[in-house]
Structure formats: structure tokens, C-alpha cells
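Reading through the C-alpha cells given below for one structure.
Numbering (this note's numbering), first residue to last: 470 to 878.
Structure representation (C-alpha cells):
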């Protein structure tokens with residue numbers, strides 16, 4: 470009897486056009502960077518790459534923050550590291566919530582045994598900064614947490630006013646910029662934000678698995694007030710400060726010691742992901758931030774124009790729409806899931822479904838990174854028109870593509 474285990478086949482799936490809200494297609498230069506041979510984590514050449522990543526992401530985040538680096542893990546790893554390292558049991562946190570990912574911030578804060586106060590907004594709209602100010606003045610929280618661009622609703626929350634409120638009233642500000650970094654402006658210093666995190670798999674044009682983060686001096690001081698050296702690394706005279714951060718892996722105080730000149734061992738840095746993050750940032754900065762933001766805005770505007778020309782409606786407050794994700798309201802009489810499936814099976818194009826109260830009601834189409842370009846937008850619109858016509862929806866032939874072309878010029 471042959472007992473050899475089935476090793477399956479070599480990976481060889483079609484090269485799909487990923488036009489959902491993320492992940493997206495990875496830039497070829499990033500894929501090449503990930504294939505570079507590994508180095509030891511304390512090799513001087515490798516720690517030099519770590520320093521380069523810190524410098525590059527200061528440019529991407531538009532900040533002078535010393536503590537700018539990457540957390541190994543998906544974008545949620547950055548979120549959890551930020552919250553678990555700043556919040557301890559009994560701390561108050563104000564969460565700005567108008568979508569799925571505001572609710573995520575609250576859930577993680579609750580797992581830290583913090584007391585959560587919501588400032589609620591309707592899905593598809595932004596939250597009034599005055600409501601945030603009222604809550605911060607009343608609660609006097611340790612932290613205010615909000616999402617810049619929430620892909621569940623396709624809406625971008627203005628941050629500037631919230632940053633001013635937090636600075637004036639003495640709260641730290643955390644911003645989740647997972648879906649906007651590298652595609653919309655994330656001016657950390659101008660926002661007066663204290664911690665901002667992101668991911669690679671959206672506008673940055675990389676794979677999921679590395680979470681860029683930047684931390685102000687004020688936030689760093691608070692985090693270091695809870696610094697405890699791991700027992701296996703501590704030497705005589707080393708003592709801890711304050712209440713120990715609840716997570717070992719997401720302990721920013723220890724991770725910052727690892728990224729500092731101390732190089733105090735924490736975990737083994739994910740070398741291939743570091744190379745990916747480094748190349749993502751190089752590509753962004755070589756293109757130029759303003760040029761890149763304009764490209765994403767143009768692609769998003771073209772997608773919106775095409776959708777509307779086809780006789781479809783775009784979801785949410787268009788004044789505050791993310792430039793890189795468009796919500797398309799599914800018209801009556803079409804099979805929501807079948808439309809999404811046939812985009813993939815007939816055209817090798819992926820678009821996104823929706824969550825919560827929007828489940829089964831909107832498709833989410835991303836225009837991010839290498840996919841924020843004319844050909845990707847036109848291919849997606851042409852395919853969507855065909856699929857909708859197969860479903861019996863009377864889309865004007867070619868109108869979507871023509872309208873998008875008008876935006877690109």
C-alpha cells in the first residue's frame with residue numbers, strides 16, 4: 470500500500486485582477502524584493518535595512534516621529550499593538566464609530582478591559598467632530614480611537630478637527646489608516662495624531678503581513694512608562710515600570726527596544742515582509758505623494774463616473790467618499806452573489822461584498838496601488854456591464870467605459 474502523503478499541485482492559479490477593497494495585486498517590484506535571500510536579524514546589513522524602513526515610512530506618514538517602523542503581522546496586528554500598548558484595565562477610550570472597523574477598535578479596547586464610550590454616526594456618513602469634542606470633554610479618556618477610511622462604508626472621516634480636540638483636551642489620538650496610507654494623504658504631524666497604523670495590502674501595493682506604525686513622542690513616553698524587559702533577556706538591575714502590557718507579541722515597548730539602537734531581541738523579524746515593506750515605501754516616495762494621491766483620486770472618480778453612467782447609484786456621502794473605494798448599490802432584480810461570482814469566473818476580476826447592514830446591498834470596488842490605473846478601471850466597468858446585462862439589467866452599452874475615459878482624458 471502506497472502511504473505517501475498527497476502533496477497537492479504546485480500553486481498555479483489565474484492572475485486575477487483584484488478590484489475589491491483589498492487585498493490588491495502586488496507591485497512586481499515588491500514581489501521581486503520578497504524573493505531576496507534572507508539575512509540574520511542582527512546582521513549589520515539587515516539592521517541597516519530596518520533603519521531604512523524607519524526613514525522611508527516617515528516620508529510615507531508625513532511625520533518626523535522617531536518611532537516609525539513596522540509591526541510583523543497583518544494590519545490588525547498594528548491596530549492591536551497600538552491599543553493593547555496604550556490601554557490598561559479601567560482606562561477610558563472614546564471610539565468614533567460609523568462602520569465595521571470602528572466596532573473592531575471598540576472590541577479590541579474592550580479586550581484590554583478599557584471602558585469604551587462610543588461617538589456614533591450613521592453608516593455612509595462621517596461623525597460630527599463636535600460630538601467627539603463633547604464626549605472627550607465629558608469622559609476625559611486616555612485615548613480617542615478612529616478609522617480614517619472605513620472600507621465597509623467607503624467613507625473617509627476628516628481627522629484634523631479630532632486631532633486638535635485631542636491635543637487641546639489632553640487625550641492621545643489613535644488613527645487606523647489601513648485603507649488609505651499610500652493612496653490618500655495621511656499627514657500624521659498635521660493631524661496631531663499620536664499613533665497611526667496601516668497595512669501593505671491596499672494602497673501601498675504589497676501583500677498582507679506587515680503593519681506600518683508611527684508613534685509620537687508623547688505616546689512613546691506613555692508606552693515606555695509600562696516597559697518590562699522579558700525575563701529571559703533581563704540582566705541584573707533591570708526593573709519594570711507600571712502595569713505590564715498584556716500582550717507579549719504586541720508589546721510596543723519591547724518592539725521599540727528591538728527597533729532601537731539597543732537591538733534588544735524580541736521576535737525574529739519577518740525578513741521577507743520587511744523587504745516588501747521597504748520596497749512598497751520606495752515605490753510610493755519615488756512616484757511622489759501628491760502625484761500618487763492624484764492618481765488614486767482620478768481612478769476613483771473615473772470608477773464613480775462609469776458606475777453612474779451605467780444607471781447605477783454610488784453609496785454614501787460623496788463629499789466624504791474615499792478616493793480609492795467605491796460602493797455600488799446593487800440594483801433590484803439582479804442576483805447579488807451571482808454578479809460577484811461571474812465577475813470572477815467569466816472575467817477573472819474580483820470585487821468585494823459588504824458587511825453588516827450593507828450585506829447583500831452594495832458591492833465594493835477598489836482602485837488602489839497598481840490597480841488605480843485606466844486599464845484596470847475600464848476592464849472592471851466593461852465586465853460589470855456585461856454581467857449586469859446577463860442579469861437583465863438594462864445598462865447602456867459602453868456608457869460606463871466612455872464616462873470613465875472622459876475622466877482620464
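Where a beta carbon is used, it is the ideal one built from N, C-alpha and C, also for glycine.
- Can you give me the Cβ contacts of residue 483 inside the same chain, cut-off strictly under 8 angstroms, excluding the 5 residues immediately before and after it? Within the same chain, residue 483 has close Cβ partners 817.
- Item | Segments of 4+ residues assigned as alpha helix (DSSP H) that fall wholly inside the region 486–556 | Taken in chain order, the complete alpha helix (DSSP H) segments of 4 or more residues contained in the region 486–556 are 497–503, 513–530, 544–555.
- Compute the minimum distance between the beta carbon of residue 518 and the heavy atoms of the ligand SAH, and state whether it is under 7 angstroms. In the structure on display, the ligand SAH does not appear, and there are no ligands present to speak of.
- Task: Would you kindly work out how many angstroms separate the C-alpha atoms of residue 550 and residue 669, rounded to a whole number?
- Result: For residue 550 and residue 669, the gap between their C-alpha atoms comes out near 16 angstroms.
- Message: The beta strand (DSSP E) that contains residue 612, what's its start and end?
- Response: Note, residue 612: beta strand (DSSP E), 612–616.
- Task: Along the alpha helix (DSSP H) that carries residue 587, what are the first and last residues, could you check?
- Result: Counting along the chain, residue 587 falls outside any alpha helix (DSSP H), though it belongs to the beta strand (DSSP E) covering 584–589.
- What separation, rounded to the nearest whole angstrom, lies between the Cα atoms of residue 876 and residue 627? If you take the alpha carbons of residue 876 and residue 627, they lie about 25 angstroms apart.
- Item | Runs of beta strand (DSSP E) lying entirely within the region 810–861, each at least 3 residues, in chain order | List check, beta strand (DSSP E) in window: 831–835.
- Residues near residue 826 in its chain [Cβ-Cβ closer than 8 angstroms; skip 5 each side]: Hits under 8 angstroms: 592.
- Cβ atoms of residue 567 and residue 619: under 8 angstroms apart, would you say? A contact, by the Cβ cut-off of 8 angstroms.
- Message: Nearest by alpha-carbon distance to residue 526: which of 696, 680, 780, 641 is it?
- Response: It is 680.
- Pull up the DSSP beta-bridge partners for residue 643, would you. In the DSSP output, where bridge partners are listed per residue, residue 643 has 614, 664.
- Pick helix, strand or coil for residue 474, following the three-state DSSP scheme. Three-state DSSP puts residue 474 in coil, outside helix and strand.
- Beta carbon of residue 631, beta carbon of residue 610: below 8 angstroms? Using a Cβ distance threshold of 8 angstroms, residue 631 and residue 610 do not count as a contacting pair.
- Would you tell me roughly how many angstroms separate the C-alpha atoms of residue 860 and residue 665, rounded to the nearest one? Taking the straight line from one Cα to the other gives about 43 angstroms.
- Query: How do the region 802–809 and the region 778–788 stand: do at least 3 beta-carbon pairs fall below 8 angstroms, yes or no?
  - Reply: Taking one beta carbon from each stretch, the region 802–809 and the region 778–788 have fewer than 3 pairs nearer than 8 angstroms; the two do not touch.
- Message: Based on DSSP bridge pairs, tell me the residues matched to residue 680.
- Response: Answer is 540.
- Task: Under the assumption that residue 651 contacts residue 478 (Cβ atoms under 8 angstroms), give the Cβ distance between them as a whole number of angstroms.
- Result: Contact flag wrong, Cβ pair sits at about 34 angstroms.
- Per-residue DSSP class, three states only, for residue 725: Of the three classes helix, strand and coil, the one that applies to residue 725 here is helix, per DSSP.
- Query: residue 619 bridges to which residues according to DSSP?
  - Reply: Among the bridge pairs identified by DSSP, residue 619 is matched with 624.
- Task: Using the DSSP secondary-structure output, state which residues sit across from residue 782 in a beta bridge.
- Result: Beta-bridge pairing links residue 782 to 798.
- Query: Which of helix, strand or coil does DSSP assign to residue 687?
  - Reply: Here residue 687 sits in helix by DSSP.
- Among residues of its own chain, excluding the 5 on either side of residue 634, which ones have a beta-carbon nearer than 7 angstroms to its beta-carbon? Only 598, 601, 602, 605 meet the Cβ criterion.
- If you count every other CB in all the chains shown that lies within 10 Å of the CB of residue 659, and 16 or more means buried, which is it? By the neighbour-count criterion, in which a residue is buried when 16 or more other Cβ atoms sit within 10 angstroms of its Cβ, residue 659 is exposed.
- Message: Measuring alpha carbon to alpha carbon, tell me which residue in 674, 682, 640, 750 is nearest residue 562.
- Response: 640 is the residue among 674, 682, 640, 750 whose C-alpha sits nearest the C-alpha of residue 562.
- Query: Would DSSP call residue 743 helix, strand or coil?
  - Reply: Judged by DSSP in its simplified three-state form, residue 743 adopts helix.
- Message: Using a 10 Å radius around the Cβ and a threshold of 16 neighbouring Cβ atoms, would you call residue 589 buried or exposed?
- Response: Per the 10 Å Cβ criterion, exposed.
- In whole angstroms, what separates the C-alpha of residue 768 from that of residue 636? Going from the Cα of residue 768 to the Cα of residue 636 covers about 35 angstroms.
- Return the CA-CA distance between residue 722 and residue 696, expressed in angstroms with no decimal places. Residue 696 has its alpha-carbon roughly 5 angstroms from the corresponding atom of residue 722.
- Alpha-carbon spacing of residue 842 relative to residue 812, whole angstroms: Approximately 19 angstroms between the Cα atoms of the pair.
- Message: So for residue 733, helix, strand or coil by DSSP?
- Response: Residue 733 carries a coil assignment under DSSP once its states are collapsed to helix, strand and coil.
- Message: Mapping the DSSP letters down to three states, classify residue 564 as helix, strand or coil.
- Response: Here residue 564 sits in strand by DSSP.
- Query: Beta carbon of residue 499, beta carbon of residue 748: below 8 angstroms?
  - Reply: Between residue 499 and residue 748, the CB-CB gap stays under 8 angstroms.
- Item | Close-in-space but distant-in-sequence residues of the same chain around residue 719 (CB under 6 angstroms, 5 per side omitted) | Within the same chain, residue 719 has close Cβ partners 549, 550, 553.
- By a C-beta neighbour count over all protein chains shown, 10 Å radius and 16 as the cutoff for buried, is residue 837 buried or exposed? Using a 10 angstroms sphere on the CB of residue 837, the tally of other CB atoms reaches 16 or more, which defines it as buried.
- Message: Using 8 angstroms as the cut-off, can you tell me whether the region 516–523 makes contact with the region 570–581, which would need three or more C-beta pairs spanning the two stretches below that distance?
- Response: Touching, no.
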